[in-house]
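Structure, as structure tokens:
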Amino acid sequence: MAQPTAAPHKVIIAGPDLARVVDRIAHQILERTGGARDAVLLGIPTRGVPLARRLATRIHAFEDFEVPVGALDITLYRDDLRLRGARAVGPTQLPPGGVDGRSVILVDDVLFSGRTVRAALDALGDIGRPRLVQLAVLVDRGHRELPIRADYVGKNIPTALREMVRVLLVETDGTDEVRLEPAPMGGQS
Amino acid sequence: MIRHLLSAADLDAGTATEVLDTAARMDEAIADREVKKLPTLRGRTVVNLFYEDSTRTRISFEAAAKRLSADVINFSAKGSSVSKGESLKDTALTLQAMGADAVVIRHPASGAPYQLAGWVNGSVLNAGDGTHEHPTQALLDAYTMRSRLGRVDGLSVAIVGDVLHSRVARSNVLLLSALGAKVTLVGPPTLLPLGIEDALASGTEVRYDLDEVLPGVDVVMMLRVQRERMEDAYFPSAREYTRRYGLDGARLRALPEHAIVMHPGPMNRGMEISPEVADSPRSTIVEQVANGVSVRMAVLYLLLGGAK
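Taken in order, these protein sequences are the chains called A and B.
Numbering-wise (this note's numbering), the first sequence opens with residue 5 and increments by one.
Numbering-wise (this note's numbering), the second sequence opens with residue 23 and increments by one.
Okay, structure coming up:
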């Protein structure tokens, strides 16, 4: 819950609007996957996991149907171990039905370089063989370094490389907010 | 994170917990999957340098490195230039020239890994040096306790038997004390070094009567009677040792209901542990082997991932 309060930041999405954005993504998932009957939501830690749970909750509210939710950590699939060193490994929890033959929707908070998603696709390939894989993100901030795009985007935020997008969620940070901040020294992931 | 793992004393509570947490995540990451492999250490080389016989530790390190996609070179003293008289230093320089990112060493001389750490650029992992230490064994023991009993902090752990020759005991006293467990060393006076209770970690207790200790412990860790290291007679006979310090069915029933029985292996069945106890559901011996791979994966990841 500790955020640097000193850094000047701009609020891009505030509390209730964030819930509306999640609702919209949930509707789009239902629409584009024919009711999400074979869907599995896999959140990428840290903040992709509560977002995936929220999407499942909203889909349940709209359609009275439970979409399996899991967590897929990608730390061990990163390509920058030599550059950045070991990072704390996050949780991986697959839903009991697995991913084989399912429509897997990867969920993350911010889409930036695309390297996290590349790692997630590699991890997914080791876990099973989904029928198709889609990507849902709360924020797309641009600056892609790989040919990757999101299927569902909460909000496109044009950014400069020296800025960073910080997503705060009630589950992890005590509040719902998306902020644009100056990047700390050394850049961000 | 530290660069080498030479002693359990290199690990403070925070670092040790980081290793255990990482091991749990590694377990999770490859559980229920067909491809039990992660690409994390692709292109790195891990050398297993074994000057002493070992089955489980060498295989465990090899499996851990391979599951992280590292290249593994196994070197055992038998059948190598060591039998032609090559010194540890020259072997180390050879490994250095081959570009080993990590060297896992087991050596009969206490302190050999420390020497090696001064000669190679890569990380050195002590996989057992003489009668000194075996830090990854202590980590996997702590991991096993945590997964069976939910915690290490506050546990009462009895380590029973040949403490004198046991590197497992030494590493466990250091690590378990750092993690907040209370360790009691139990054995015949001839196998308990004088003053050991304060030498490793304060709060360690020494007792000579196993039956007095058993009702109050959460974990009892039986040490192997290391007959290969005993030139002298430390106890009158194997039968007497078993009668006083062997864990049999009657002693198992004297333990609290939740207590677990551990053994680092290889066991002398019928000597320090009876087959009934070794095969009971309260024994974690097989689990310890499985946990060893996860813990060693975590150690390799954290050491080799250390920012250069």
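For every residue, glycine included, the Cβ atom is placed at its ideal position computed from N, Cα and C.
Model, not experiment: these values are computed from the prediction.
Check, Outcome
"My understanding is that isoleucine 33 of chain A touches alanine 40 of chain A, with C-beta atoms under 8 Å, so please give their C-beta distance in whole angstroms.", "6 Å"
"Cβ of proline 134 of chain A less than 8 Å from any chain B Cβ?", "no"
"Assuming contact is defined by CB atoms lying nearer than 8 Å, are isoleucine 29 of chain A and glycine 178 of chain A in contact in what I supplied?", "no"
"Mapping DSSP to helix, strand and coil, what is glutamate 279 of chain B?", "coil"
"What is the DSSP secondary structure of methionine 319 of chain B, counted as helix, strand or coil?", "helix"
"Output, in sequence order along the chain, the residues in the region 87-99 of chain A whose CB is closer than 9 Å to any CB in chain B.", "Leu87, Arg88, Gly89, Ala90, Arg91, Ala92, Val93, Gly94, Pro95, Thr96, Gln97 and Leu98"
"Quick one: what does DSSP say histidine 31 of chain A is sitting in, helix, strand or coil?", "helix"
"Any idea if methionine 120 of chain B is buried or exposed, counting beta-carbon neighbours within 10 angstroms, 16 or more meaning buried?", "exposed"
"Tell me whether threonine 120 of chain A is buried or exposed, calling it buried when 16 or more other Cβ atoms sit within 10 Å of its Cβ.", "buried"
"State the start and end residues of the unbroken beta strand (DSSP E) segment that holds aspartate 151 of chain B.", "145-151"
"If you reduce the DSSP assignment to three classes, tell me which class histidine 154 of chain B lands in.", "coil"
"DSSP three-state call for glutamine 159 of chain B: helix, strand or coil?", "helix"
"Just the C-alpha distance for glycine 191 of chain A and arginine 166 of chain A, rounded to the nearest angstrom, thanks.", "Unreliable positioning characterises glycine 191 of chain A in this predicted model, as indicated by a pLDDT of 49, which lies under 50. A coordinate reading is not provided."
"Starting from tyrosine 267 of chain B and walking both ways along the beta strand (DSSP E), at which residues does that stretch end?", "First-last for tyrosine 267 of chain B: 260-267, but that is the alpha helix (DSSP H), not the beta strand (DSSP E)."
"Say whether chain B places a C-beta atom closer than 8 Å to the C-beta of aspartate 113 of chain A.", "no"
"For the candidate residues A:Thr61, A:Met168, A:Glu35 and A:Ala123, whose alpha-carbon lies nearest to that of threonine 62 of chain B?", "A:Ala123"
"Evaluate contact between the region 233-249 of chain B and the region 181-190 of chain B, counting only Cβ atoms and requiring at least three cross-stretch pairs below 8 Å.", "yes"
"Quick one: is asparagine 143 of chain B buried, meaning 16 or more other Cβ sit within 10 Å of its Cβ, or exposed?", "exposed"
"Are the region 86-105 of chain A and the region 141-157 of chain A touching by the rule of at least three beta carbon pairs closer than 8 Å?", "no"
"Got a sec: is the Cβ-Cβ distance from aspartate 130 of chain A to anything in chain B below 8 Å?", "yes"
"Pull up the DSSP beta-bridge partners for threonine 67 of chain B, would you.", "B:Asp93"
"Which residues in chain A have a C-beta closer than 9 Å to the C-beta of arginine 44 of chain B? List them in chain order.", "According to the sequence provided, residue 44 of chain B is threonine. The question's arginine does not apply to it. Under the 9 Å cutoff, chain A gives Ala90, Ala92 and Val93."
"At 8 Å on the CB atoms, spell out the chain A contacts of glycine 328 of chain B, in chain order.", "Gly89 and Ala90"
"Figure out for me which residue from A:Arg183, A:His31 and A:Glu181 has the closest Cα to the Cα of alanine 65 of chain A.", "A:His31"
"Which residues in chain B sit within 9 Å of leucine 139 of chain A, going by Cβ to Cβ distance?", "Within 9 Å Cβ-Cβ: nothing; leucine 139 of chain A doesn't reach chain B, min ~20 Å."
"Does chain A have any CB closer than 8 Å to the CB of valine 94 of chain B?", "no"
"Distance check for isoleucine 295 of chain B and tyrosine 267 of chain B, CA to CA, integer angstroms please.", "9 Å"
"Can you pull the chain B residues whose beta carbon is under 8 Å from the beta carbon of aspartate 126 of chain A, in chain order?", "Pro61"
"Do serine 302 of chain B and aspartate 49 of chain B have their C-beta atoms closer together than 8 Å?", "no"
"Got a sec: is the Cβ-Cβ distance from leucine 80 of chain A to anything in chain B below 8 Å?", "yes"
"Within the chosen definition, does the region 81-98 of chain B reach the region 308-328 of chain B through at least 3 CB pairs nearer than 8 Å?", "yes"
"From valine 239 of chain B to leucine 277 of chain B, what distance separates their C-alpha atoms?", "7 Å"
"Leaving out five residues before and five after tyrosine 136 of chain B in sequence, what residues of the same chain have Cβ atoms less than 7 Å from its Cβ?", "Leu28"
"Distance, Cα to Cα, valine 311 of chain B vs proline 157 of chain B?", "15 Å"
"Could you tell me which residues DSSP puts in a beta bridge with glutamine 97 of chain A?", "A:Ala75"
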